[in-house]
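Residue numbers (my numbering): 138 to 647. For every residue, glycine included, the Cβ atom is placed at its ideal position computed from N, Cα and C. For reference, the structure is listed below as structure tokens.
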């Protein structure tokens, strides 16, 4: 998902297994009516005919990103398509314009993704961006294999150089995380991207909209009174994870992680920190200074000796850090997909009620629920849900992390886990995942089950390793039962919230 707040300005600124019955299929999307209203105040004058669309690179809450060939400039770009059917109101329009305006101001910096074109037609807004194919910050480290403090310091320096430039131009990003730093096609230059939550500010400005990604969010953002130094905190969390493979703030549920963040208490007592230099620990502590008034600026941190040439050790970090980072980047998506499969085993009359409720909520008939559509439904039902809470529970069930909830995700959200986490349903889910029926879930079968998430072979192996008690490289039935009946990590904390909302939509009288 990627945010606790909305993407509007603040003041100024699943391919899960399908059942055999017709009732288990998601509602069929209908063709939206052609939308003519203008979104952008100005464009670069280009049009879609000047691009050849290649493969889809990703999908988010607002739209889809494609690899495309710019025929005029003879180069590959990332072309973002934003359907106007999802730009529902003036706030959404302002958010789109704001993101473009921020990127225009930041254009030209070596560590910021370049914006090249922006235009619209009757149905969509298009934004052409520099294509970065070298992977995000953490995945590049995983691909590299064991890495050193020097590798982490290099990435930390880039983040701080980008933030320093943001500060100089009066921009705060507000959603810094590993996925929002991409390497270019050479794999050498790291660049900041995704300015959908960015805002302009002047010195002394304070913001009150809680936005960002929960794992990296600053405590003052949760308190709804913050400034540009929230980006420094996020960089501190990212650097902490790079050096240890662990989060500084722990919890079995997302709410507990947020509570720990709000308390601001962390330590470096884990064995992974024993081999880390005092200089590295010092800069992380400075970035995670609780009071933003005393938290150093990016310009000040760039003078830290750990970031100087040859300032960080080049010997590889201990193997456990690398393994922990791999686990951290993938969490257990397999378990969430299995819950979705189990949800389809509900009685048909229950599924039919859920299907009709989904169709009522899906106003644009896209087959996907946006957060804006969910808010409208809550307004109609006169249900008051705190925005921060809604964002938190929404992200827990957005399994494929595309910013929207599809039918299977909605179905899984309406159920009580105790109803479906029965031995019979666990057995059914195991049988669906075990495609060849050999009694084990293999790496290939995990990749097939999570195909819509583009899971790598290495990530699939790591998911199996989390539950593979006998270390045979597969998950057998006993291991699967153990996986499905143990604590459900971040999802359990949000279960009651989204379950209650979805249940109210299914049966408003309940």
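Item                                                                                                                            : Value
Boundaries of the beta strand (DSSP E) in which residue 413 is found, first to last residue                                     : From DSSP, residue 413 is part of no beta strand (DSSP E); its letter is neither H nor E.
Residue 329 and residue 249 closer than 7 Å at C-beta                                                                           : yes
Cut-off 8 Å between Cβ atoms - residues of its own chain near residue 594, not counting five sequence neighbours on either side : 580 and 584
Cβ neighbours of residue 105 in the same chain (closer than 6 Å, five flanking residues each side left out)                     : Since the first and last residues shown for the chain are 138 and 647, residue 105 lies out of range.
Span separating the alpha-carbon of residue 143 from that of residue 358                                                        : Low confidence applies here, because residue 143 scores a pLDDT of 37, under 50, leaving its location unreliable and the question unanswered by this model.
Contacting residues, own chain, Cβ-Cβ under 7 Å from residue 204 (five flanking each side not counted)                          : 191, 192, 194, 213, 215 and 268
Counterpart residues of residue 328 in DSSP-defined beta bridges                                                                : 319
Contact under 7 Å by Cβ, residue 442 with residue 414                                                                           : no
Residue 294 and residue 453 closer than 7 Å at C-beta                                                                           : no
Beta-carbon proximity of residue 98 to residue 436, cut-off 7 Å                                                                 : Residue 98 is absent from the structure shown; the chain starts at 138 and stops at 647.
Range of the contiguous alpha helix (DSSP H) that encloses residue 253                                                          : From DSSP, residue 253 is part of no alpha helix (DSSP H) but of the beta strand (DSSP E) over 252-257.
Cβ neighbour criterion (16 or more within 10 Å) applied to residue 516                                                          : exposed
Residues near residue 169 by beta carbon distance below 6 Å, same chain, minus five either side                                 : With a pLDDT of 47 at residue 169, under the threshold of 50, the modelled position of that residue is not reliable, and the figure given next carries that caveat. 222 and 501, listed in sequence order.
Unbroken beta strand (DSSP E) run spanning residue 218, endpoints                                                               : 212-220
Buried or exposed (CB count within 10 angstroms, at least 16 for buried), residue 339                                           : exposed
C-beta contact flag for residue 570 and residue 543 at 7 Å                                                                      : no
Residues near residue 438 by beta carbon distance below 8 Å, same chain, minus five either side                                 : 297, 369, 420, 423, 424 and 444
Completely contained alpha helix (DSSP H) runs for the region 243-299, where each covers 4 or more residues                     : 274-281
DSSP bridge partner residues for residue 506 (one or two, in chain order)                                                       : 542
Three-way DSSP call (helix, strand, coil) for residue 304 in this model                                                         : helix
For residue 607: DSSP bridge partner residues                                                                                   : None; residue 607 has no bridge partner.
Three-state secondary structure assigned by DSSP to residue 342                                                                 : coil
Distance CB(residue 187)-CB(residue 209) smaller than 7 Å                                                                       : yes
Neighbourhood of residue 305 by C-beta, 6 Å cutoff - its chain only, sequence neighbours within 5 removed                       : none
Collapsed DSSP secondary structure at residue 373 in the structure displayed                                                    : helix
Residue 392 versus residue 497: straight-line alpha-carbon distance, rounded                                                    : 30 Å
Residue environment, residue 310, which counts as buried when at least 16 other CB atoms sit within 10 Å                        : buried
Proximity of residue 277 and residue 320 at Cβ, strictly below 7 Å                                                              : yes
From 562, 447 and 344, residue whose alpha carbon lies closest to that of residue 366                                           : 344
Environment of residue 247 [buried if 16+ CB atoms lie within 10 Å]                                                             : exposed
Distance between residue 493 and residue 641 (C-alpha atoms, nearest Å)                                                         : Its pLDDT being 48, under 50, residue 641 is placed unreliably by the model, and the measurement read from it follows with that caveat. Cα to Cα, residue 641 sits roughly 13 Å from residue 493.
Candidates 427, 412 and 430, of which the one nearest residue 456 by Cα                                                         : 412
Pair within 7 Å by beta-carbon distance, residue 312 and residue 350                                                            : yes
Helix, strand or coil at residue 453 [DSSP, three-state]                                                                        : strand
Assigned exposure category for residue 560 - 16 Cβ within 10 Å defines buried                                                   : exposed
Cβ neighbours of residue 384 in the same chain (closer than 8 Å, five flanking residues each side left out)                     : 352, 374, 377, 378, 394 and 465
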